[in-house]
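Participant:
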Amino acid sequence: MRSPKKAPKDDPRHQPAPPPPPPPHSAAGRRKGTTSRPWLVVLDSGRSCLEEVGKHSIMRRTGLPARDLRILDPLLSYPSTILGRERAIVVNLEHIKAIITATEVLIPNSRDPMVAPFVHDLQSRVSSPSGAPHQAPESSGKVLAFEFRALEICLESVCRCLEAETLTLEQEAYPALDELTSKISTLNLEHVRHIKSRLVAISGRVQKVRDELEHLLDDDMDMAEMCLTEKLAHQHNGESLSGVEVDNGASQLEEDRDEDFKDETDSSHGSLAAFKPNIQELEMLLEAYFVQIDGTLNKLSHLKEYVDDTEDYINIMLDEKQNQLLQMGVMLTTATVVVTAGIVVVSIFGMNIGISLFDVPTFSQFWETTFGTIAGCIVLYVLAIGLGKRSGLLQ
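Just add 292 to the spot in the sequence shown (first one is 1) and you have my numbering.
#1: So, with DSSP's three-state summary, where would you put C254?
#2: Flag this pair as touching only if the stretch 336-346 and the stretch 405-420 have three or more C-beta atom pairs under 8 angstroms; answer yes or no.
#3: What residues match up with I391 in a beta bridge as DSSP calls it?
#4: For D503, count neighbouring C-beta atoms within 10 Å of its own C-beta (all shown protein chains included) and say buried if the count is 16 or more, exposed if not.
#5: In terms of alpha-carbon separation, which member of E386, E482, K475, I487 lies closest to E448?
#6: Out of curiosity, what's the CA-to-CA distance linking Y719 and M620?
#7: Would you identify the three-state DSSP class for R329, choosing helix, strand or coil?
#8: Would you kindly check if the distance between the Cβ of I388 and the Cβ of E439 is under 7 angstroms?
#9: Could you spell out the range, first to last residue, of the alpha helix (DSSP H) harbouring I640?
#10: Would you decide whether L443 is buried or exposed? Buried here means 16 or more other CB atoms lie within 10 Å of its CB.
#11: Compare the C-alpha of E471 against each of V599, Q657, T661, T632 and name the closest.
#12: Put V334 into one of helix, strand or coil per three-state DSSP.
#13: If we count the other Cβ atoms within 10 Å of its Cβ and call it buried at 16 or more, is W659 buried or exposed?
#14: L356 and A390 - do their beta-carbons sit closer together than 7 angstroms?
#15: Once DSSP output is grouped into helix, strand and coil, what is the label at G346?
#16: Would you call the CB atoms of V638 and Y673 closer than 7 angstroms?
#17: Following the continuous beta strand (DSSP E) through L375, name the residue where it begins and the one where it ends.
#18: Quick check on the DSSP output: the alpha helix (DSSP H) that includes G678 runs from which residue to which?
#19: Buried or exposed for T625, going by 16 or more other Cβ atoms inside 10 Å?
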């Protein structure tokens, strides 16, 4: 028997199949998942540094879910929000976007020129408890926790910015409205329309911040979630007590140790569930800035009322002008009717017929007829206008 003929090595039919190519989106997905951006990290000591951190690193570092990080995306638009989580506070107020933990503050848009004053205040005041305008109650003998001091700087920056915009709008709006009442023109009306658009926009922004603060003040659970320092201290105390109890229980019998471990676990869960942070300091802090932002909203409300009153006054003036034009139209129409009656008389005398009036050699009767017609038209006009004023149709 002849042995089978071996295939040449270069035959492509007998070459091993190449590995399948990777999915086209796998590399792009890896690149997208590992995309990092600069975050300014301000520590509780006041020192700051710029770090290139990815999304997943921030999630592991702060314990935040991805949906909370989307709120801080500068390319997306979200309403004003303050979220308390287990290990961090998410702040999204106007131009202020930050993640506050018990030991540091992370700012994603630190290069924004509008954020520069906030960053400067944060670096200079966060390490100094005396730099915060609102201190803890004297009876407690404590200063505000780090996360409260950082949150206060965020609220102060937002309130100061909105207050400055409101003051600028007031200084521009009141003179423009007064000028419009004195002189109604297209330029003044356009200026007031632009001011009203700005007023509506600023009022909406201030209202969102006020609603968010009011929501936090009405919910004790949300405020308790924001007490990061107390929760961290309670967690450390629970871990240390757990360790001591486990060491003491190690010398007992196996069945007793299992029973004691079950009892300790139940008591530990009960203590965690019963833990209630002291929210008095945070409530006083939020209340102070709630009053401040409410005052700003009241200023805008007064300005809106002034704009509405000015619009009502302008509408009354325009209605009066329109009524005057209508009265003039009625008077002109009446005059036209009366003159038409005189024209009818003239047309009758202008007919090509023979009457005795044309046979008179003098023009005395002609002038009498002419002036009589004119006088009759005037009398009819006066009677018509008098009747209109008497009935209240004309002033």
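Just so you know, even glycine gets a beta-carbon here, dropped at the ideal spot from N, CA and C.
Since we're looking at a predicted model, the values are computed, not measured.
Facilitator: Judging by the given coordinates:
#1: For residue 254 there is no data in the structure shown, the boundaries of the chain being 293 and 687.
#2: The stretch 405-420 and the stretch 336-346 touch, with three or more beta-carbon pairs separated by less than 8 angstroms.
#3: Within the sequence shown, residue 391 is the residue found at index 99, counting from 1. Its beta-bridge partners are V382, L398.
#4: Start at 1 with the first residue of the sequence shown, and residue 503 comes out as number 211. Burial call: exposed.
#5: Within the sequence shown, numbered from 1, the residue matching residue 448 stands at position 156. If we check each option's Cα against that of E448, E386 comes out closest.
#6: Any answer about residue 719 is impossible in this case: the structure gives the chain only from 293 up to 687.
#7: Your numbering for residue 329 matches position 37 in the sequence shown. In the structure shown, R329 sits in a strand (DSSP, three-state: E or B).
#8: The sequence position of residue 439 within the sequence shown is 147, counting from 1. The sequence position of residue 388 within the sequence shown is 96, counting from 1. No, the Cβ-Cβ distance between E439 and I388 is not below 7 angstroms.
#9: Counting from one through the sequence shown, the residue named residue 640 turns up at place 348. Following the DSSP letters along the chain, one finds I640 inside the alpha helix (DSSP H) bounded by residues 572-641.
#10: As a first step, residue 443 must be located in the sequence shown, where it is residue number 151. With 16 or more Cβ atoms within 10 Å of its Cβ, L443 is classed as buried.
#11: Counting from one through the sequence shown, the residue named residue 471 turns up at place 179. The shortest CA-to-CA distance from E471 to any of V599, Q657, T661, T632 is the one to V599.
#12: In the sequence shown, residue 334 corresponds to position 42, counting from 1. In this structure, V334 counts as strand in the three-state DSSP scheme.
#13: Position 367 of the sequence shown, counting from 1, holds the residue named residue 659. W659 counts as exposed, since fewer than 16 other C-beta atoms from the protein chains shown sit within 10 angstroms of its C-beta.
#14: The count along the sequence shown starts at 1 and reaches residue 390 at position 98. The count along the sequence shown starts at 1 and reaches residue 356 at position 64. Against a cut-off of 7 angstroms, the Cβ pair of L356 and A390 comes out as no contact.
#15: Locating residue 346 in the sequence shown gives position 54, where the first residue counts as 1. Here G346 sits in strand by DSSP.
#16: Taking the sequence shown and counting its residues from 1, the one referred to as residue 638 is at position 346. Taking the sequence shown and counting its residues from 1, the one referred to as residue 673 is at position 381. Not a contact, by the Cβ cut-off of 7 angstroms.
#17: Sequence index remark: in the sequence shown, residue 375 carries index 83 (1-based). For L375, the enclosing beta strand (DSSP E) has its first and last residue at 373-376.
#18: Stepping through the sequence shown from its first residue, residue 678 is reached at position 386. Start and end: 656-683.
#19: As a first step, residue 625 is located in the sequence shown; it is residue number 333 there, counting from the start. When all chains shown are included, T625 counts as exposed.
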